[in-house]
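In what follows, a single structure is set out as structure tokens and then discussed.
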């Protein structure tokens with residue numbers, strides 16, 4: 001029996017009735033029993049309770065039709081340890097005849113680790129296939145967007161002039177028609193819808209243009225204040241209170257003020273639409289030195305920053321609006337994705353993403369449905385930084 005003790009498998013020998021006559025040390029290790037606890041007991045002791053009756057029938061059938069079943073032919077079963085836990089096992093069976101008595105030797109291998117590795121391999125293959133499919137979709141989308149950008153830029157130019165004329169005539173009519181006149185509301189709708197179309201055309205132009213940033217060194221707070229001032233009448237009309245959390249000593253950044261201003265204005269417009277009953281729009285600035293994780297955490301939390309010469313400035317735009325559906329959060333920067341029925345083509349945040357990447361920065365967002373959304377604009381202090389991809393956190 002010394003050979004069986006040296007085997008890396010559990011060895012269990014039973015008689016025709018299914019009683020255990022011998023186990024080796026590996027059996028004790030795998031199943032958690034000591035030798036005396038198993039000898040003389042039915043082999044079904046090592047089988048989960050809900051499978052014992054079926055196993056007893058299989059055992060009796062095997063004894064009636066003895067044959068050798070080598071390991072690795074797909075005979076995978078479930079074993080039960082002394083503590084009640086179940087483990088996947090692979091079993092080989094070999095009948096032995098001694099003095100006209102039949103015994104069966106079972107070699108049992110715990111394949112828990114192998115199953116785990118197989119599942120990890122399958123998961124890796126699934127992820128690889130998904131990644132390959134996603135990259136193919138992105139390539140096709142990129143090719144389509146290039147063609148689309150060229151075509152729509154031309155169309156947008158053609159539509160802008162007549163739309164401007166429609167808006168102009170509508171405004172003239174609004175000054176001439178009495179607000180109590182039933183026609184006044186119809187003219188008002190014409191003006192609003194024409195403006196909406198003009199906004200769509202402008203988005204198409206911006207999307208197709210993808211202009212190279214014209215960098216200049218700017219005080220980020222000055223850029224924020226100008227964007228806020230631009231929309232002050234709209235904030236007032238929507239009963240929204242803009243709050244700027246200033247911090248002295250932050251570094252200047254290399255940006256195209258017109259493009260980054262466009263990003264800010266787009267986010268502000270989104271915030272206005274997200275707060276139909278009014279609310280608060282908070283804009284803050286922090287510096288993020290990569291040399292200190294603690295400084296990064298303090299900076300993002302609005303705590304004391306020990307340095308102001310970080311390699312990244314973060315502009316945070318927070319509203320107290322409706323929030324974004326978590327299922328939509330990962331898609332909001334995709335071209336043509338929109339949750340705003342009849343209010344646009346879903347290019348605004350995609351354009352923001354492109355502008356941030358052209359600046360070597362990134363845009364990310366987090367949201368709490370029903371409580372509001374926060375956008376983070378990460379801009380490098382040094383404009384020589386290479387572009388980075390956007391991330392979305394929920």
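In the numbering used here, the protein residues as written are 1 to 394.
The beta-carbon is built from N, C-alpha and C at its ideal position, and this holds for glycine as well.
For clarity, every value in this text was computed on a predicted model and none was experimentally measured.
| Asked | Found |
| --- | --- |
| Strictly by DSSP, which residues pair up with residue 40? | According to DSSP, which records beta bridges pairwise, residue 40 is partnered with nothing at all. |
| In this structure, does DSSP put residue 221 in helix, strand or coil? | helix |
| Where does residue 287 land, buried or exposed, given buried means 16+ other C-beta within 10 angstroms? | buried |
| Is the beta carbon of residue 43 less than 8 Å from the beta carbon of residue 89? | no |
| Measuring alpha carbon to alpha carbon, tell me which residue in 247, 30, 265 is nearest residue 111. | 30 |
| Grouping DSSP H, G and I as helix and E and B as strand, with all else coil, what is residue 238? | coil |
| Could you pull the DSSP bridge partners for residue 281 from this structure? | 242, 319 |
| What number of angstroms, rounded off, separates the C-alpha of residue 298 from the C-alpha of residue 6? | Confidence at residue 298 is low in this model, with a pLDDT of 42, below 50, so its placement is unreliable and no value can be given for it. |
| Go ahead and label residue 302 buried or exposed: buried means 16 or more other beta carbons lie within 10 angstroms of its beta carbon, across all protein chains shown. | In this predicted model, residue 302 has a pLDDT of only 38, less than 50, meaning its place in the structure is not dependable; the value taken from the coordinates is given anyway. Flag for residue 302 reads exposed. |
| Should residue 16 go down as buried or exposed, given a rule of 16 or more other Cβ atoms within 10 Å for buried? | exposed |
| Just checking, does the stretch 248-265 make contact with the stretch 351-363 on the three C-beta pairs under 8 Å criterion? | yes |
| DSSP state of residue 330, grouped into three classes? | coil |
| Ordered along the chain, which non-local residues of its own chain (more than five positions away) have a Cβ less than 6 Å from that of residue 284? | 245, 316 |
| Which term fits residue 175, buried or exposed, when burial requires 16 or more other beta carbons within 10 angstroms of its beta carbon? | exposed |
| Would you say residue 248 and residue 278 are within 8 Å of each other, going by their C-beta atoms? | no |
| Excluding the 5 residues flanking residue 342 on each side, which residues of the same chain have their C-beta closer than 6 Å to its C-beta? | Legend: pLDDT at residue 342 = 48, less than 50; position of this residue unreliable, value from coordinates given subsequently. None. |
| Between 326, 379, 357, 225, which lies nearest to residue 371 when the distance is taken from Cα to Cα? | 326 |
| Can you look up residue 273 in the DSSP assignment and give me helix, strand or coil? | helix |
| Beta carbon of residue 243, beta carbon of residue 281: below 8 Å? | yes |
| If I measure Cβ to Cβ from residue 228 and keep anything under 6 Å in the same chain, skipping five residues before and after, which residues do I get? | 242 |
| Going by other Cβ atoms of all chains shown within 10 Å of its Cβ, with 16 needed for buried, is residue 47 buried or exposed? | buried |
| Which class does residue 125 belong to by DSSP, given the choice of helix, strand or coil? | helix |
| Please report the distance separating the alpha-carbon of residue 230 from that of residue 223. | 11 Å |
| Do you know how far the Cα of residue 201 is from the Cα of residue 192? | 14 Å |
| Using the beta-carbon count (16 or more within 10 Å), is residue 128 buried or exposed? | exposed |
| Which first and last residues belong to the beta strand (DSSP E) in which residue 24 is found? | Per DSSP, residue 24 belongs to no beta strand (DSSP E) and is neither H nor E. |
| Express the C-alpha separation of residue 257 and residue 385 in angstroms, rounding to a whole number. | Here residue 385 scores only 47 on pLDDT, less than 50, and its place in the model should not be relied on; the value that follows carries that caveat. Residue 385 and residue 257: Cα-Cα distance of roughly 17 Å. |
| On the DSSP bridge list, what partners appear for residue 19? | 42 |
| Run through the DSSP bridge pairs and tell me what residue 372 is partnered with. | 368 |
| On the CB-based measure, 16 or more other CB atoms within 10 Å of its CB, does residue 130 come out buried or exposed? | exposed |
| Does residue 111 come out as helix, strand or coil in the three-state DSSP assignment? | coil |
| In the DSSP output, which residue or residues are listed as bridge partners for residue 439? | Residue 439 is absent from the structure shown; the chain starts at 1 and stops at 394. |
| Would you give the residue range spanned by the beta strand (DSSP E) that residue 93 belongs to? | 86-98 |
| Pick out whichever of 165, 363, 114, 355 has its Cα sitting closest to the Cα of residue 212. | 355 |
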